[in-house]
Amino acid sequence: MKPAPFIRHVPKTLDEAVRILGAVAAEEGRVLAGGQSLVPIMAFRLAKPAHLVDINEIAELGRMSNDGKMLRIGALVRHAAFHKPVVDNPLGHLLAAVARAIAHYPIRLRGTFCGSLAHADPSAEWCLVAATLDATLVAHSTRGARTIAARDFFQGIMTTALAEDELLAEVRLPLLAPDTRFGFNKFSRRAGDFAMSAALAVYRLQDGKMTDVHLGVGGAEPSPRRIPEAEAVLAGQAPGDTVFRAAAEAAAQAVEAMEDHQTSADYRRDLVRAVVRRALEQSA
Amino acid sequence: MSTQSKGMSWVGRSIRRLEDPALVTGRGYFTGDLAAAHWVRFVRSPVAAGRIVKIGAPESAMVITAANLASVKPIAPLLHKFNYKPVAQPILADGVVRFVGEPVAAVVAASEQEAEDIADAVVLTIDETAAIVDGRAALAADAPQVHATVPGNVIVEGAHKTDGFDAAWARAHRIVTVEARSHRQNATPMEPRGGHAAYDAASGRITLTCATQMPHLMRTAIADLIGMAESDLRVIAPDVGGGFGQKMSLAAEYVLLVWLARQYKSSFAWREDRRENLIAGFHARDQYLTLAGAFDADAKLIALKADIIANVGAYSCFPTTAGIEPLMAMAELPGPYDFRHYECRARGVVTNTCTIAPYRGVSRPVNAFGLERLMDKAAAAFGLDVVEIRRRNLVDRFPYTTAYGLELDEASYRQTLDVVAKAIDLPAFRARQSEARAQGRHLGIGFATFCERTGYGTATFVERGMAITPGWETVVVSVDQSGLVEARIGASPHGQGLRTTLAQIVADELGISPDMIKVVHGDTDRAPYGWGTFASRSLVISGGATLIAARKVRTKLLKLASHILEAAPHDIVLEDGTAKVIGTDRSVPIATLAHEAHTQSHLYDGIEPGLTDEGFYDPPGTFSNACHVAIVEVDIETGQVKIEKFLVAEDAGRIINPMIADGQVHGGVAQGIGNALLEEIIYDDTGTILTASLADYLPPTARDVPEIDMHHLTTPSPNSVTEAKGLGEGGTIGAPAAVINAINDALVAFGVTIDEIPATPQRIRAALRNLSSPSPLWGAEKGGV
Ligand SMILES: Cc1cc2nc3c(=O)[nH]c(=O)nc-3n(C[C@H](O)[C@H](O)[C@H](O)COP(=O)(O)OP(=O)(O)OC[C@H]3O[C@@H](n4cnc5c(N)ncnc54)[C@H](O)[C@@H]3O)c2cc1C
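Here it is, written out as structure tokens:
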């Protein structure tokens, strides 16, 4: 349970970090953020990076800001920062509701929002949030900065669009309209475990009808994503048990459920059906 | 601590544990705290079965393999009965590997990190052969053979059939059957195993400090395997962070450490990590239990038929052997029930999986699970409630000889059932249950009544045919000249609080407060030979020996006091640290008596010098008992189970310290809940283990264990000098059965049964999903499946 030997670099600025990452990426260099996923993997020697670019001393990456349209979350913003609403907007409340479901308190004090996206565990809450709300991700490298849409970013189990030498510096989430309703539900064996399925439902309630519906599912497929079949069932309808059940069924049918030794695809679909309906019930 | 007030007994009081101040302030002393000159890392087999072709080690690395250990004997415990086929486990795999995690080589380096780096670079070339993983599949004629010496993979087989069984069976009014499956578990002590062996140049002796429950037997066994004088080996069990049985079996790793220390005259340490512990630190519970009960027209069980298949893993654990699970299952299956006829076949089956060893409850959690399911199924078949079926069948006269031949001493089977049934208010629960059902919520209640054989001495181990019969205990009590008392014990507590409870027993005998008494254990140089702590034995056997020794010292103190105070011994009381003549102000401090006994022995004719006495105890055993009740809610959409309430009515005879007794029950129930719902070691078909970290192997957390409502009954045991019975394992024995019965009760209207533990949400959903249509009692709109 001791990691293989590595060299740790401690840059003080984003530029310096990007430069070092550019230099060591080819020799199995990795960014170290909160370490709550990377360090356990290294302890099991499932990852043996020769270099770690530790970004924990880069003050500029700890910033969070909002320009009235977007919430910008820097690479060092920890899960615990979201325990209370970070902006006076439905988005702030949504993030607070989701944050509490992630792991346990000590892990939330260290783990970062961006680290969670870069790690791309299919079950991660922040990945589900990013996919559901169509987040924009900003990657920096010595070649410059580029933005990536969430739907293009997640490419499978622990696989993303980031190049080896790219550092995810920021994620941008759109602020939500005041009439936004949301609901989140997670299923795990024990409190604090990774989700076996999770759903996030976000829509506007206009004239008693659901519009601008975003219905995301995580933990069921290799990457979280919006489920258009379920969104179509909901759009234009009044919230209610029958339509929620129909949407849940549509989502359960639409997912290409992952299987493992213990968990059949059928069971995973059962969970999707349950978490989608419960997220919708909570939103109403 | 305040001194004892007059006439008040220390026994029976919830005094705080004397061991806790050090533990909770980080001043405990554990094996892993010791520094060593050399660190050892084991290279373990990545495959379940195969022939070792090559062990490729980096140049200049120190790598020990079986080739270095020609002079060391393999671990090969014996059982003289039940058609036992001996198997030998080499300290490091010798040409053949038999389970994933088996130690193949040992890397030695200056630091733990370095040892792990080198181990990572060792390349094993193993020719894989076919592996067999499942205990039932291993019985097939064409199954791969794990050991050449065990044809058909059956390492041990017990059978029992009472005279007249067939006639009784033929009288059955109704036959009720259960096919129970208990998957595999790991005891998961907070501290994994670990050892530290150091050579002393002056004496030539080796000291092995290790996380063990049986220090003396480790000394005996390791000295024998290595071929050294037993007196040249000292074994220390310092603070041990939980054992639950996992730390009573001999670890091959410890043998290697002692061999290294002796060979290279230095110190060598190994700290097991969690992954090693989960894959190779001994497993438990892997059984198929098939039961058929013959009931008469009054729902009275008249005969029980059982088939037990216990998957014992790749080797036979020392000292209890691979017989422990199947044979204990066979002997104790009849439990607290009154029936005369019993037929049983119990097989231990070797497979290419980690060796099975005792774990808190040993077999009886599976026994109770099967038998309590049988009772609930019988209740349903006869249209009785679950309390009534038990009331009709529980033993109510004592002593009672079970259908296997065990003698049950005085107990309170029906009374504990009645206490919980009253506390839970069954009719009120049924009303709440049907209201909840109308709203699509599924509550269930489950009872489990059981007895727990505890504190059994040598005779039980003889009956099992064990070559080693770890039954008796010795305790040496001495009073030094400052008036302090030392009780040196052969038991080896590792969390049970014996330093406190034994001190309470001594305190009452000698009239001093418990904090004046030091209980010394876990060091073979200091403690008398004994068998350690396991099998809910220590308070009964070591506590009994303590009482016997303390009484001898008491008698001597009274004799000395009688000389000095010029009064008859029966007119003298020992209290508040002095000997007093009743009704007078004449007294003498116990410290003075001790001083006299040592330095002025010439004055006391007929009294041996010194103030040390030995107590020895080897009791026949006593059965404690309990009834557990669980109320659960099953989320039928996800299969998730939440335990709403848990009740225990427990009878362990005289309770020495109620707080400690409650703690034992709480911890046991928590582990039982893990057993029922969460914990499962999973292998794939090739024998690769899929639950090698605590992300995949799921012990219950504080949020999974509800508050436990405890009730105590007290039926003192005639088979125990302290009148106390053991209670270390009961929590784990009853809880799985109560929880699984409650789940089945919640699902009864769906017509599905869950007879598999852990009852994971996947398994519960699979049962519900396979229903062709939702229950007629409620439709999909009310939360149907
Ligand atoms: C017991 C336990 C339970 C958990 N339960 C949950 C849970 O329920 N839900 C959940 O979502 N998570 C859970 N986690 C994971 C936790 O949220 C992690 O904090 C998170 O997944 C990773 O964030 P981090 O900052 O710790 O990243 P690190 O561990 O530092 O890094 C993770 C990976 O991302 C890369 N990386 C990190 N930051 C960047 C960056 N800015 N740019 C490029 N690459 C980067 C690293 O190189 C590494 O490959 C759990 C963790 C533990 C230990």
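Protein sequence lines, in the order shown, are assigned to chains Z and D. Numbering-wise (our numbering), the first sequence opens with residue 6 and increments by one. Numbering-wise (our numbering), the second sequence opens with residue 8 and increments by one. From the three backbone atoms N, C-alpha and C, an ideal C-beta is built for every residue, glycine too.
Check, Outcome
"Burial state of K384(D), where buried means 16 or more other Cβ atoms lie within 10 Å", "buried"
"Test: L220(Z) CB closer than 8 Å to a CB of chain D", "no"
"Beta carbon of G159(D) nearer than 8 Å to that of G39(D)", "no"
"Distance between Y690(D) and C132(Z) (C-alpha atoms, nearest Å)", "31 Å"
"Reference G142(D), options A204(D), R24(D) and G694(D), closest by Cα", "G694(D)"
"Own chain, CB closer than 6 Å to S274(D), minus 5 neighbours either side, in chain order", "A43, A44 and A205"
"Candidates G120(Z), R278(Z), R113(Z) and I162(Z), of which the one nearest V143(Z) by Cα", "G120(Z)"
"Exposure label - N90(D); buried when at least 16 CB within 10 Å", "exposed"
"Of the residues A388(D), V513(D) and I452(D), the one placed nearest A742(D), counting alpha carbons only", "I452(D)"
"Inter-stretch contact at 8 Å, needing at least 3 Cβ pairs: the region 303 to 323 of chain D / the region 63 to 73 of chain D", "no"
"Backbone CA spacing between A773(D) and R148(Z) [nearest angstrom]", "52 Å"
"Chain D contact for R50(Z) (CB, 8 Å cutoff)", "yes"
"8 Å Cβ cutoff met for A225(Z) and V260(Z)", "yes"
"R352(D) to A166(D) span [Cα, whole Å]", "5 Å"
"L285(D) beta carbon near ligand 1 (any heavy atom closer than 7 Å)", "no"
"Three-state secondary structure assigned by DSSP to F11(Z)", "coil"
"Nearest-angstrom Cα separation, counted from S549(D) out to V262(D)", "28 Å"
"Where V143(Z) falls: helix, strand or coil (DSSP)", "strand"
"Residues that D689(D) contacts on chain Z, provided the C-beta gap is smaller than 9 Å", "Checking the displayed sequence, the identity of residue 689(D) turns out to be Ile instead of Asp. The contacting residues are H266 and Q267."
"Residue-level contact to chain D via CB, P90(Z), 8 Å cutoff", "no"
"Short Cβ contact (8 Å threshold) for E109(D) with A287(D)", "yes"
"Proximity of V482(D) and V492(D) at Cβ, strictly below 8 Å", "no"
"Proximity test, Cβ basis, 8 Å: P10(Z) and chain D", "yes"
"Bridge-paired residues (DSSP) for R772(D)", "Partner(s): none; R772(D) has no beta bridge."
"W266(D) Cβ short of 7 Å to ligand 1 heavy atom set", "no"
"Closer than 8 Å to chain D by CB, L276(Z)", "yes"
"Within 7 Å of chain Z by C-beta, residues of the region 641 to 655 of chain D in sequence order", "E644 and T645"
"Chain-order list of residues whose beta-carbon lies under 8 Å from that of V277(Z) (same chain, five-residue window excluded)", "S202, A204, V222, A225, A253, A256, A257, V260 and A262"
"Interface flag, D212(Z) vs chain D, CB-CB below 8 Å", "no"
"Own chain residues within Cβ distance below 8 Å of L775(D), not counting five before or after", "I643, G646, L754, F757, V759 and V792"
"Contact set for A108(Z): own chain, Cβ-Cβ below 6 Å, skip 5 residues either direction", "G197"
"Pairwise C-alpha distance: V103(Z) and P1(Z)", "Because chain Z here runs from 6 to 289, residue 1(Z) falls outside it and cannot be looked at."
"Nearest-angstrom Cβ-Cβ length linking L565(D) and A586(D), presumed shorter than 8 Å", "7 Å"
"Bridge-paired residues (DSSP) for G79(Z)", "E175(Z)"
"Proximity of R354(D) and I315(D) at Cβ, strictly below 8 Å", "yes"
"Spatial neighbours of P227(Z) in its chain, beta-carbon cut-off 7 Å, leaving aside the 5 residues before and after", "P127, G161, I162 and M263"
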